[in-house]
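Visitor:
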Amino acid sequence: MSWRIWTLLRKELRSLFATPIAYAVLTASVSVTAVLFFGSLLRFNQMLFVFHGYGIGAGGFDSGTTPRQLNLLEEVFIPLSQDVSLMLMLVVPVITMRVFAEEKAQGTDELLLTTPLRSWEIAAAKYLATWGFVALLLAVSALYPAVAAQQANLGVPHLLALYLGELGFGIAVASIGLACSSLSRNQIVAAVVAYALSFILYDFQWLATLVSESFARVLEEVELQSHLEAFARGVVGLRHGVYFLGVGAVGFTISVGSIELGRAR
Amino acid sequence: MRFLAPAGLVMLLSGLGASYVSKAPSWFEIGNLVAGLGLLAAAGVQAAFRFRGFSGTPSRSLALRWAAIGASVLAASLLANILAVGWTAALDWTVEGTYTLSEQSLRVLERIDADPGDPPELLLFEDTKIWKEVDPLLAVYAAASSELRVRHLREQEAPPEALRLLAGLEHTVLACRDGRCEAVGFPSEENITNALLRLLRQGHPVVYFLLGHGEVDLASESEHGFSGLARALTQEGFRPRGWIGPAHEELPADASLVIIAAPERNLLPRELEALDRYLERGGRLLVLLEPSVDTNLNSFLERWGFELPAGIVADRATSPLLEEAKLVSLVSGSYNPRHPVTRGMRARHMTLLPGARAVIARHKPERDDQLRGLVYSSHHSWLEQDVRGALAGRALQPGGGETAGREIPVAAAGLYPRGDTEARIVVIGDRDFASNRLLDSLYNRDLLMNSVLWLAEEEDEITIRSKVWTPPGHPLTIQQTLAYFYFFAFALPEVLLLLGIHAWVRQRS
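Chains R and D are the protein sequences, given in the same order.
Residues in the first sequence are numbered consecutively from 53, following this note's numbering.
Residues in the second sequence are numbered consecutively from 50, following this note's numbering.
(1) Looking only at C-alpha atoms, which of 257/D, 145/D, 168/D and 492/D sits nearest to residue 287/R?
(2) Which of helix, strand or coil does DSSP assign to residue 425/D?
(3) Would you list the residues sitting across from residue 160/R in a DSSP beta bridge?
(4) What residue range does the beta strand (DSSP E) around residue 301/R cover?
(5) Could you check whether residue 78/R and residue 40/D sit closer than 8 Å to each other, using their CB atoms as the reference points?
(6) Take residue 540/D as the anchor and find which of 64/R, 63/R, 192/R and 155/R has the nearest alpha-carbon.
(7) Quick one: which unbroken beta strand (DSSP E) runs of 3-plus residues sit fully inside the stretch 269 to 353 of chain D? Chain order, please.
(8) Do residue 248/D and residue 169/D have their CB atoms nearer than 8 Å?
(9) Just tell me which of 396/D, 462/D and 336/D has its CA closest to the CA of residue 388/D.
(10) For residue 185/D, which residues in chain R fall below 7 Å Cβ to Cβ?
(11) Just mark residue 240/R as buried or exposed, buried being the case when its beta carbon has 16 or more other beta carbons within 10 Å.
(12) Closer than 6 Å by C-beta to residue 267/D: which residues in its own chain qualify, once you throw out the five before and the five after it? Chain order, please.
(13) Expressed to the nearest angstrom, what Euclidean distance is found between the alpha-carbon atoms of residue 264/D and residue 326/D?
(14) So, helix, strand or coil for residue 62/R, using DSSP?
(15) So which residues on chain D does residue 251/R lean against when the C-beta distance must stay under 7 Å?
(16) Could you check if residue 205/R is buried or exposed, using at least 16 other CB atoms within 10 Å of its CB as the buried criterion?
(17) Between which two residues does the alpha helix (DSSP H) carrying residue 492/D extend?
(18) Near residue 309/D, what residues of its chain come up, given a Cβ to Cβ distance below 6 Å and the 5 sequence neighbours on each side ignored?
(19) Does any CB atom of chain R fall closer than 8 Å to the CB of residue 534/D?
(20) On the three-state DSSP scale, how would you describe residue 532/D?
(21) Any heavy atom of the ligand NAD closer than 7 Å to the Cβ of residue 443/D?
(22) So is residue 612/D in contact with chain R if we call contact Cβ pairs under 8 Å?
(23) Can you check which of these residues, 314/D, 345/D, 231/D and 320/D, is closest to residue 307/D by C-alpha distance?
(24) Of all Cβ atoms in chain R, is any one closer than 8 Å to the Cβ of residue 578/D?
(25) Using C-beta distances below 7 Å, list every residue in its chain close to residue 201/R, excluding the 5 sequence neighbours before and after it, in chain order.
(26) Please name the residues in the stretch 295 to 311 of chain R whose beta-carbon is closer than 7 Å to at least one beta-carbon of chain D, in chain order.
(27) How many whole angstroms separate the CB atoms of residue 126/D and residue 301/R, which I take to be in contact at a CB cut-off of 8 Å?
(28) Kindly indicate which residue of 354/D, 469/D and 245/D has the alpha-carbon position closest to the one of residue 156/D.
(29) Report all residues from its chain with a CB closer than 8 Å to the CB of residue 517/D; omit the five preceding and five following residues, and keep chain order.
(30) Identify which residue in 409/D, 478/D and 482/D has its Cα closest to the Cα of residue 455/D.
(31) Between the beta-carbon of residue 311/R and the beta-carbon of residue 236/R, is there less than 8 Å?
(32) Of all Cβ atoms in chain R, is any one closer than 8 Å to the Cβ of residue 409/D?
(33) Quick one: what does DSSP say residue 431/D is sitting in, helix, strand or coil?
(34) Could you check whether residue 311/D and residue 83/R sit closer than 8 Å to each other, using their CB atoms as the reference points?
(35) Among 386/D, 186/D, 447/D and 403/D, which has the Cα closest to the Cα of residue 395/D?
(36) Specify, as a first and last residue, the run of the beta strand (DSSP E) that residue 140/D falls within.
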């Protein structure tokens with residue numbers, strides 16, 4: 053990484069943490085994840101308690117009721133993945149909306165555009181800063197699940213896979229948000245369009261019933277959720293990483309193009 | 050004209066919101082989505098024409114160049130995704146290796162690849178809601194075999210031989226070959242591999258349950274019944290049948306395996322002689338015993354090398370899981386790692402035997418015979434002689450004697466070469482672990498079916514079945530869960546919030 057990107061990246065991170073928004077977002081993320089994970093874990097605990105307490109000891113279970121139905125994947129990891137992805141979709145556009153749009157609204161972008169920095173360097177610094185913040189947000193929100201997984205031997209690698217997926221998902225949503233921010237002067241518009249695009253891309257299953265089977269398969273490959281779910285199931289697949297990086301690359305290109313066109317004005 | 054973009058957004062969001070809520074798309078949602086996207090596109094075109102840069106040729110060419118670059122990156126990204134669909138390479142980070150095929154499954158797939166006949170295919174019917182969960186596992190099967198085909202179908206596209214099975218099935222994955230289909234059941238590795246095995250088998254080995262001495266009813270659905278075991282055998286491709294011993298002179302010639310499940314009365318001498326003859330000609334026998342019942346079957350088994358000392362195995366280290374633990378409710382995770390029956394079982398693959406007697410592989414009837422222990426209690430166990438009191442929950446004190454402080458075997462296996470044939474016996478010191486109530490508890494089914502498959506000489510197909518991991522105990526106690534919760538849900542956010550306030554105050558000043 054060139055020192056120019058590094059300098060700009062530090063400036064971006066400083067400005068991010070100079071406002072209370074970043075802390076508020078981190079606080080909300082940690083609290084919400086903790087509450088939701090606690091809920092899942094508590095429910096799972098209670099179900100195990102019922103099974104172990106009465107199923108084996110006192111024989112209160114019907115035949116066919118098995119502990120196989122009580123598993124961490126379905127009861128804890130999948131709900132956690134859905135909760136965290138929803139949280140990212142709600143929180144990340146709040147962070148990304150200001151990255152380009154605020155500079156345009158305040159006119160500070162002209163200062164930046166007249167520096168010898170190349171457009172891709174400006175975009176790279178802003179993207180890396182935002183992706184870094186998403187990684188930090190996920191790392192902080194993963195603390196509780198990680199400690200619980202480690203303490204109770206719940207499968208730390210599986211949790212790691214889940215959060216790798218969330219990181220890819222967060223990068224994709226952040227890239228959509230940054231692309232929207234780079235195309236707009238208005239932060240609210242940038243955020244709303246980012247929300248709309250993220251929600252559209254998130255799940256195409258509602259459309260799958262209307263189209264042919266082959267097109268439904270294509271839609272499944274395009275949607276964010278199916279790629280995320282593979283990670284939540286503990287499978288770290290290259291193709292899912294390619295998808296998330298592809299979304300990031302498209303967003304990045306749009307932002308670089310937007311900066312170039314801004315310079316041309 | 051500035052109205053276009055916000056109007057488009059509102060319509061788009063309304064359409065999306067309605068479709069998420071209703072889950073069944075209607076014209077309202079579709080109309081809103083189409084109109085919203087149209088208005089946004091129109092607003093985009095309008096914005097492009099308003100763009101001042103278009104007034105000069107160099108700027109216009111710049112805009113077009115970036116539009117082309119953007120389109121190229123999008124196309125490259127889509128192409129990479131299309132290519133990547135075929136990349137099945139993935140890391141399986143699940144606790145039990147849910148998406149990593151066991152050696153046994155891989156061997157079955159090797160057999161399929163080497164088979165000159167029509168290869169089997171797995172049919173996944175996408176009408177089921179679970180197909181997303183199943184798809185990754187089926188992809189692993191397809192990647193591991195050059196012959197096995199995986200097809201995604203809708204129910205109306207089902208081949209005729211599959212239609213019969215589809216009716217009333219909850220989870221619709223079928224394995225089909227040569228006009229014959231087998232239901233997979235819940236599409237786990239265990240069930241998929243077993244369905245493929247059933248397709249590969251030419252016939253169905255017959256398993257006879259000895260009846261007529263107060264044995265548990267094979268058809269009984271009660272919690273102490275064995276209907277679950279009968280179903281499990283059927284699922285593995287066996288054909289379970291009852292055989293009333295006192296009414297016959299000889300065991301049926303088609304018996305691949307005989308199961309004797311804790312008879313409560315003595316067997317007739319001629320029944321024991323028939324069993325001897327059956328074993329001498331290479332028969333296979335699975336015996337489930339109970340500590341509270343002693344019959345002449347014990348002396349029969351002693352002739353084949355098993356010692357069955359009186360008493361019930363009590364284990365102080367056995368029952369942290371159980372709410373009202375009895376010391377005789379044996380939860381065992383100690384297995385013989387060298388025997389085919391228990392080779393794949395580790396300490397976490399615990400089995401629950403709610404009252405087991407000791408089964409010791411004591412002596413070899415002939416020089417080439419091999420007898421081995423299979424399952425053991427912990428070092429904190431002893432043989433309690435007050436069997437009825439122990440089962441009734443009376444307080445027990447660790448006893449002394451020969452077995453105190455040693456692992457006590459509660460299951461053992463014998464292999465007896467006899468001329469060109471080979472008899473096999475597995476004795477398990479508990480009957481109830483195979484009952485409907487406990488068959489699917491922990492890894493009971495694995496121990497039982499591994500024994501059956503070893504006896505039926507299908508040891509290549511012995512597999513760890515339960516691949517959905519359930520931790521052996523509570524993941525965290527309620528107190529631990531609460532302590533972590535308070536820290537991560539309140540203390541940590543509090544610190545972050547204070548930092549935020551500090552940043553805000555500094556910004557204002």
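All C-beta atoms, glycine included, are put in the ideal place defined by N, C-alpha and C.
Predicted model only: the values in this text are computed from it and were never measured.
Guide: Quick answer:
(1) Numbered from 1 along the first sequence, position 235 holds the residue referred to as residue 287/R. For the residues 257/D, 145/D, 168/D and 492/D, the minimum Cα distance to residue 287/R belongs to 145/D.
(2) Against the second sequence, residue 425/D aligns to sequence position 376. The answer is strand: DSSP assigns residue 425/D an E or B state.
(3) Walking along the first sequence from the start, residue 160/R turns up at place 108. Paired residue(s): none; residue 160/R is not in a bridge.
(4) Here residue 301/R corresponds to residue number 249 of the first sequence, with the count starting at 1. Here residue 301/R belongs to no beta strand (DSSP E); instead the alpha helix (DSSP H) covers 290 to 316.
(5) The displayed coordinates of chain D run from 50 to 558. Any statement about residue 40/D would go beyond what the structure contains.
(6) Indexing the second sequence from 1 puts residue 540/D at position 491. The shortest C-alpha separation from residue 540/D is found at 192/R.
(7) 288 to 293, 304 to 310 and 333 to 337
(8) Position 199 of the second sequence, counted from the start, is the residue given in the question as residue 248/D. Position 120 of the second sequence, counted from the start, is the residue given in the question as residue 169/D. Their beta carbons are under 8 Å apart, which means residue 248/D touches residue 169/D by this criterion.
(9) For the purposes of this step, residue 388/D is identified with residue 339 of the second sequence, where counting begins at 1. Minimum Cα distance to residue 388/D is reached at 462/D.
(10) Against the second sequence, residue 185/D aligns to sequence position 136. What residue 185/D touches in chain R: 282, 285 and 287.
(11) The residue labelled residue 240/R in the question sits at position 188 within the first sequence. Burial call: exposed.
(12) To locate residue 267/D, count along the second sequence from 1; it is residue 218. Correct list, in chain order: 258, 275, 279 and 291.
(13) As a working note, residue 264/D is residue 215 in the second sequence. As a working note, residue 326/D is residue 277 in the second sequence. Cα-Cα distance, rounded: 22 Å.
(14) As a working note, residue 62/R is residue 10 in the first sequence. The answer is helix: DSSP assigns residue 62/R an H, G or I state.
(15) Within the first sequence, numbered from 1, the residue matching residue 251/R stands at position 199. Result: 65.
(16) Translated into positions along the first sequence, residue 205/R becomes position 153. It counts as exposed.
(17) The residue labelled residue 492/D in the question sits at position 443 within the second sequence. Per DSSP, residue 492/D belongs to no alpha helix (DSSP H) and is neither H nor E.
(18) Counting from one through the second sequence, the residue named residue 309/D turns up at place 260. Correct list, in chain order: 259 and 336.
(19) The sequence position of residue 534/D within the second sequence is 485, counting from 1. By this cut-off, residue 534/D is an interface position.
(20) Stepping through the second sequence from its first residue, residue 532/D is reached at position 483. Reduced to three states, the DSSP call for residue 532/D is helix.
(21) Looking for the ligand NAD in the displayed structure turns up nothing, as the structure carries no ligands at all.
(22) Residue 612/D cannot be examined here, being either before or after the span of chain D that is shown, 50 to 558.
(23) By 1-based counting over the second sequence, the position of residue 307/D is 258. Nearest of 314/D, 345/D, 231/D and 320/D to residue 307/D, Cα basis: 320/D.
(24) Not covered by the structure: residue 578/D. The range shown for chain D is 50 to 558.
(25) Along the first sequence, read from residue 1 onward, the residue named residue 201/R stands at position 149. So the qualifying residues of the chain are 207, 208 and 211.
(26) 295, 298, 301, 302, 305, 306 and 309
(27) As a first step, residue 126/D is located in the second sequence; it is residue number 77 there, counting from the start. As a first step, residue 301/R is located in the first sequence; it is residue number 249 there, counting from the start. Rounded, the Cβ-Cβ distance is 6 Å, consistent with contact.
(28) Here residue 156/D refers to the residue found at position 107 of the second sequence. Taking only the C-alpha atoms, the option nearest residue 156/D is 245/D.
(29) The sequence position of residue 517/D within the second sequence is 468, counting from 1. Because residue 517/D sits at a pLDDT of 46, beneath the cut-off of 50, its placement in the model cannot be relied upon, and the following sentence gives the value as read from the coordinates. Answer for residue 517/D: 145, 147 and 237, listed in chain order.
(30) On the second sequence, residue 455/D is found 406 positions in, with the first residue counted as 1. Nearest of 409/D, 478/D and 482/D to residue 455/D, Cα basis: 409/D.
(31) Here the question's residue 311/R lines up with position 259 in the first sequence. Here the question's residue 236/R lines up with position 184 in the first sequence. Going by C-beta atoms, residue 311/R is not nearer than 8 Å to residue 236/R.
(32) Here residue 409/D is taken as the residue at index 360 of the second sequence, counted from 1. Not closer than 8 Å to any Cβ of chain R, the Cβ of residue 409/D fails to qualify, so no.
(33) Numbered from 1 along the second sequence, position 382 holds the residue referred to as residue 431/D. The answer is strand: DSSP assigns residue 431/D an E or B state.
(34) Taking the first residue of the first sequence as position 1, residue 83/R is located at position 31. Taking the first residue of the second sequence as position 1, residue 311/D is located at position 262. Cβ distance not < 8 Å, so residue 83/R and residue 311/D don't count as in contact.
(35) Position 346 of the second sequence, counted from the first residue, corresponds to residue 395/D. Nearest C-alpha to residue 395/D: 386/D.
(36) To locate residue 140/D, count along the second sequence from 1; it is residue 91. Per DSSP, residue 140/D belongs to the beta strand (DSSP E) from 139 to 141.
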